[in-house]
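*Asks:*
Numbering (the numbering used here), first residue to last: 190 to 391.
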């Protein structure tokens, strides 16, 4: 009987340990799934609007008042600008502005939309026209790094006879951590996508 009880205790201890490990693993997987679902939603929201937009403009500055030329998204006019190497990693604000296709999103014709990263708040924001920016990331996430690379948006010089054969594209790279992960070394999550302007511009 003593031997049987000893064996039973060993089996129960191993079984309970395995069960607890499975529960912990399941919680970790659910946390990872939640983070990736959130990041996928963010990327999907950005790419749907950027893809149908035109006249991309890359913006980068430490001061929000100078971040947007003239303090106004609408003031960008017809300007376009590439940032093939992304932003300076030391600046606070970095993003891309564009003119939406039609007025189905904002209700205003040719209104500017901007997506940008605030390094201090560690959040991604969406701003329409001159309205207040809105965070597009769940409060459970911290964006450790985000960059946007714009190519092919530069306006062609009229005096330049070389044809423009580059379709405008925006590449978005995001690194995030789960704020609910209280471990000493939180896991980083990386997502990246490249968006090509739908309207032909070559």
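Where a beta carbon is used, it is the ideal one built from N, C-alpha and C, also for glycine.
Taking the beta carbon of residue 194 as the centre, do at least 16 other beta carbons fall within 10 Å, making it buried, or is it exposed?
*Replies:* Sequence index remark: in the chain shown, residue 194 carries index 5 (1-based). Classification of residue 194: exposed, given that the 10 Å Cβ count is below 16.
*Asks:* Spell out a yes or no on whether the segment 333-343 and the segment 358-374 are touching, meaning 3 or more CB-CB pairs, one atom from each, closer than 8 Å.
*Replies:* yes
*Asks:* Just checking, does the segment 304-320 make contact with the segment 278-285 on the three C-beta pairs under 8 Å criterion?
*Replies:* yes
*Asks:* Measure the CB-CB distance between residue 318 and residue 300 and report whether it falls below 8 Å.
*Replies:* Looking up residue 318 in the chain shown gives position 129. Looking up residue 300 in the chain shown gives position 111. Yes; because the gap between Cβ atoms is below 8 Å, this pair is in contact.
*Asks:* Got a sec, what are the start and stop residues for the beta strand (DSSP E) residue 358 sits in?
*Replies:* The sequence position of residue 358 within the chain shown is 169, counting from 1. Segment 358-367, the beta strand (DSSP E) holding residue 358.
*Asks:* Report the option in 190, 321, 239, 203 whose CA atom is closest to the CA atom of residue 290.
*Replies:* Mapped onto the chain shown, residue 290 falls at position 101. The residue with the shortest Cα to Cα distance from residue 290 is 239.
*Asks:* Assign residue 153 to buried or exposed, taking buried as 16 or more other Cβ atoms, counted over all protein chains shown, within 10 Å of its Cβ.
*Replies:* Absent from the structure is residue 153, since the part of the chain shown begins at 190 and ends at 391.
*Asks:* Give a yes or no on whether the C-beta atoms belonging to residue 320 and residue 227 are separated by under 8 Å.
*Replies:* Numbered from 1 along the chain shown, position 131 holds the residue referred to as residue 320. Numbered from 1 along the chain shown, position 38 holds the residue referred to as residue 227. No, Cβ-Cβ distance for residue 320 and residue 227 is not below 8 Å.
*Asks:* Nearest-angstrom Cα distance between residue 312 and residue 384?
*Replies:* As a position in the chain shown, residue 312 is number 123, starting the count at 1. As a position in the chain shown, residue 384 is number 195, starting the count at 1. Taking the straight line from one Cα to the other gives about 21 Å.
*Asks:* Terminal residues of the continuous beta strand (DSSP E) containing residue 385?
*Replies:* Your numbering for residue 385 matches position 196 in the chain shown. Judged by DSSP secondary structure, residue 385 falls within the beta strand (DSSP E) whose first and last residues are 377-385.
*Asks:* I'd like the list of long-range same chain contacts for residue 324, defined as Cβ closer than 6 Å, with 5 residues on each side in sequence excluded.
*Replies:* For this step, residue 324 is matched to residue 135 along the chain shown. If we look at residue 324 and ignore the five residues flanking it on each side, its Cβ neighbours are 312, 314.
*Asks:* Would you kindly work out how many angstroms separate the C-alpha atoms of residue 374 and residue 366, rounded to a whole number?
*Replies:* Locating residue 374 in the chain shown gives position 185, where the first residue counts as 1. Locating residue 366 in the chain shown gives position 177, where the first residue counts as 1. As the crow flies, the alpha-carbon of residue 374 is around 10 Å from that of residue 366.
*Asks:* Distance, Cα to Cα, residue 221 vs residue 370?
*Replies:* What you label residue 221 is simply residue 32 of the chain shown in a count that begins at 1. What you label residue 370 is simply residue 181 of the chain shown in a count that begins at 1. Using only the alpha carbons, I get a separation of about 10 Å.
*Asks:* Have a look at residue 272 and residue 285 and give me their C-alpha separation to the nearest angstrom.
*Replies:* On the chain shown, residue 272 is found 83 positions in, with the first residue counted as 1. On the chain shown, residue 285 is found 96 positions in, with the first residue counted as 1. Rounded to the nearest angstrom, the two C-alpha atoms are 10 Å apart.
*Asks:* Residue 244 and residue 288 look like a contact to me (Cβ under 8 Å); what is the Cβ gap, rounded to whole Å?
*Replies:* Residue mapping note: residue 244 aligns to position 55 of the chain shown, counting from 1. Residue mapping note: residue 288 aligns to position 99 of the chain shown, counting from 1. Their Cβ separation, rounded to whole angstroms, is 5 Å, which keeps residue 244 and residue 288 in contact under 8 Å.
*Asks:* Among residues of its own chain, excluding the 5 on either side of residue 224, which ones have a beta-carbon nearer than 6 Å to its beta-carbon?
*Replies:* As a position in the chain shown, residue 224 is number 35, starting the count at 1. Cβ neighbours of residue 224 beyond the five flanking positions: 367, 378.
*Asks:* Residue 340 lies in the alpha helix (DSSP H); which residues open and close that run?
*Replies:* As a first step, residue 340 must be located in the chain shown, where it is residue number 151. Taken as a continuous stretch (DSSP letters only), residue 340 belongs to no alpha helix (DSSP H), being part of the beta strand (DSSP E) at 330-340.
*Asks:* What is the DSSP secondary structure of residue 233, counted as helix, strand or coil?
*Replies:* Position 44 of the chain shown, counting from 1, holds the residue named residue 233. Helix, per DSSP.
*Asks:* Could you tell me the alpha carbon to alpha carbon distance between residue 270 and residue 247, rounded to whole angstroms?
*Replies:* Indexing the chain shown from 1 puts residue 270 at position 81. Indexing the chain shown from 1 puts residue 247 at position 58. When rounded, the distance between both Cα atoms is 6 Å.
*Asks:* Does the Cβ of residue 196 have 16 or more other Cβ atoms within 10 Å, making it buried, or fewer, making it exposed?
*Replies:* Within the chain shown, residue 196 is the residue found at index 7, counting from 1. Looking at its Cβ environment, which holds fewer than 16 other Cβ atoms inside 10 Å, residue 196 is exposed.
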